[in-house]
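Heads up: the sequence lines are chains A and B, in that order. Counting in this note's numbering, the first sequence runs from 1274 upward without gaps. Counting in this note's numbering, the second sequence runs from 1274 upward without gaps. Read the structure below first, then the notes.
Protein chains: 2
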Amino acid sequence: MHHKLETIKEVISNYIEINEEEWRSYSSGFSVQTFRKKEILLAQGHLCRDVFFVVEGLLRVFFVDGEGEEKTFHFSFENTFSADYESFLKKMPSNYSIQALEDTTVVLMSYDMLHGGYKILRNGEKLGRLLAEEYFFIFNDKIQAIYTQSPLERYNRLIQKFPNILQRIPQHYIASYLTISSVHLSRLKNSY
Amino acid sequence: MHHKLETIKEVISNYIEINEEEWRSYSSGFSVQTFRKKEILLAQGHLCRDVFFVVEGLLRVFFVDGEGEEKTFHFSFENTFSADYESFLKKMPSNYSIQALEDTTVVLMSYDMLHGGYKILRNGEKLGRLLAEEYFFIFNDKIQAIYTQSPLERYNRLIQKFPNILQRIPQHYIASYLTISSVHLSRLKNSY
């Protein structure tokens, strides 16, 4: 447990100054859980009760669209946070599902814990601001990708950001994430 | 000036507790500017130096996509904030342009002013967190609309949210916002 919390401490320390005493009190609210490959951490339509911090493994955020088709929205790699943040903040049913693509260990941060931290930590609200800004950036990137980038550009950016993604994630999920067909993705891969 | 700042004070007071003294010091950094109909407040590729709070009038947030086509992304009505928030926060060139669709009066909040407020105001960071969360919600809604809603659903939600939008905004901007053709929009309107 202790070791698993080291990375999240580092990540949070990148956002805000937090001393040992604060950390001890704050991290006592965390819990750690391991999910098996393919296990569902959050099901669309359910309340997202926790923000997940990925210690080890890999998560896929996806949803079923109006036509009943499954769309992959986002991949959460090690040392990043994952959630349906709207469901979490507004306490409403989730629009997304979250699934483990590998055996995955996460730190769970509940609503009460996170919002308690905003009050308890000297820089708690700042942490909340920076987390919300990060979420905003992810969604902003997504919108830019959908509207302004060609499939090839989207593919190149993905590979640049996550060089080993093709080894870790099945091709049909990557194609769905890029909003292209699997055939199209094969063609892009083979053009290198 | 004083009257124009009343609405932004109300909006900020909905987010956080702010006393008279704090407000006087904080709002002394605001400036107020009026733009004529069609005037550009922010041009794509330029740095977004300010967050705009719309006191009166109406803004359109748009961008030119990879194919050189202009796409309307968002409308900012009275008593809401408008910006390319990523450009503003990261001090990078803007991906969007912002244009006045009517004669529009805005309160300008600069980066230094807003970030100064995070430190000066007792609840400054909380204000920043809630603003970032609001931005996140706007982008989240947009993504949900693109991926999961039919054109009719998107239209119905828009009309529900902004009942007088058809009177205030030219049809081709609304069609672009809904990512449908003007002909398609006419059909949706006439089906009522």
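For glycine and all other residues, C-beta sits at the position ideal for the given N, C-alpha and C. None of these values were measured; they are calculated from a predicted model.
Proximity below 8 Å, CB of residue i to CB of residue j
i: B:Thr1377; j: B:Leu1332; result: yes
i: B:Lys1310; j: B:Glu1351; result: no
i: B:Phe1410; j: A:Glu1359; result: yes
i: A:Ile1289; j: A:Leu1400; result: yes
i: B:Phe1308; j: B:Leu1381; result: no
i: B:Gly1341; j: A:Thr1421; result: no
i: A:Val1328; j: A:Tyr1369; result: no
i: B:Phe1325; j: B:Leu1314; result: yes
i: A:Arg1402; j: B:Ala1405; result: yes
i: B:Ile1371; j: A:Phe1412; result: no
i: B:Phe1354; j: B:Phe1346; result: no
i: A:Ile1442; j: A:Phe1361; result: no
i: A:Ser1298; j: A:Ile1432; result: no
i: A:Ser1300; j: A:Leu1278; result: yes
i: A:Glu1398; j: A:Tyr1408; result: no
i: B:Ser1455; j: B:Gln1444; result: yes
i: B:Ala1373; j: B:Glu1312; result: yes
i: B:Ile1236; j: A:Ile1438; result: No answer is possible for residue 1236 of chain B: the residues shown for chain B start at 1274 and end at 1465.
Chain A residues whose Cβ lies nearer than 7 Å to that of residue i
i: B:Glu1406; result: Leu1362 and Ala1405
i: B:Glu1359; result: Phe1410 and Asn1413
i: B:Gln1317; result: Neighbours of B:Gln1317 on chain A: none; closest Cβ ~10 Å, over 7 Å.
i: B:Asn1224; result: Since the first residue of chain B shown is 1274 and the last is 1465, residue 1224 of chain B is not available in this structure.
Sheet register partners of residue i (DSSP bridge)
i: A:His1347; result: A:Val1334
i: A:Ala1373; result: A:Leu1332
i: A:Phe1308; result: A:Thr1377
i: A:Val1324; result: A:Met1382
i: A:Pro1366; result: A:Leu1320
Three-state class that DSSP yields for residue i in the structure shown
i: B:Ala1316; result: coil
i: A:Leu1381; result: strand
i: A:Thr1280; result: helix
i: A:Thr1421; result: helix
i: B:Phe1409; result: helix
i: B:Ser1355; result: strand
i: B:Ser1459; result: helix
i: A:Arg1402; result: helix
i: A:Ile1289; result: coil
i: B:Asn1437; result: coil
i: B:Ser1298; result: helix
i: A:Phe1361; result: helix
i: A:Asn1429; result: helix
i: A:Thr1454; result: Correcting the residue type first, residue 1454 of chain A is Ser in the shown sequence and not Thr. A:Ser1454 falls in the coil class under three-state DSSP.
i: A:Gly1389; result: helix
i: A:Ser1449; result: helix
i: A:Gly1339; result: coil
i: B:Ile1416; result: helix
Cross-chain neighbours of residue i in chain B, by beta carbon under 7 Å
i: A:Tyr1450; result: Correct list: empty, because the minimum Cβ distance to chain B is about 12 Å.
i: A:Phe1335; result: Near A:Phe1335 there are no residues of chain B at all, since even the closest Cβ is about 11 Å away, more than 7 Å.
i: A:Arg1402; result: Glu1398, Gly1401, Arg1402 and Ala1405
i: A:Lys1344; result: Tyr1420
Under 8 Å from the C-beta of residue i: neighbouring residues of chain A
i: B:Lys1434; result: Those do not exist, as B:Lys1434 stays about 16 Å from chain A at its closest Cβ, beyond 8 Å.
i: B:Gln1422; result: Gly1339
Chain B residues whose Cβ lies nearer than 8 Å to that of residue i
i: A:Glu1290; result: Correct list: empty, because the minimum Cβ distance to chain B is about 13 Å.
i: A:Glu1293; result: Correct list: empty, because the minimum Cβ distance to chain B is about 22 Å.
Any C-beta of chain D under 8 Å from that of residue i
i: B:Ser1459; result: Any reference to chain D falls outside this structure, whose protein chains are A and B.
Original post:
When the Cβ atoms of the segment 1321–1331 of chain A are set against those of the segment 1359–1373 of chain A, are three or more pairs found closer than 8 Å?
Top reply: yes
Original post:
Counting Cβ pairs closer than 8 Å, one from the segment 1446–1453 of chain A and one from the segment 1446–1465 of chain B, do we hit at least three?
Top reply: no
Original post:
Is there contact between the segment 1455–1462 of chain A and the segment 1424–1431 of chain A, where contact requires at least three CB pairs shorter than 8 Å?
Top reply: yes
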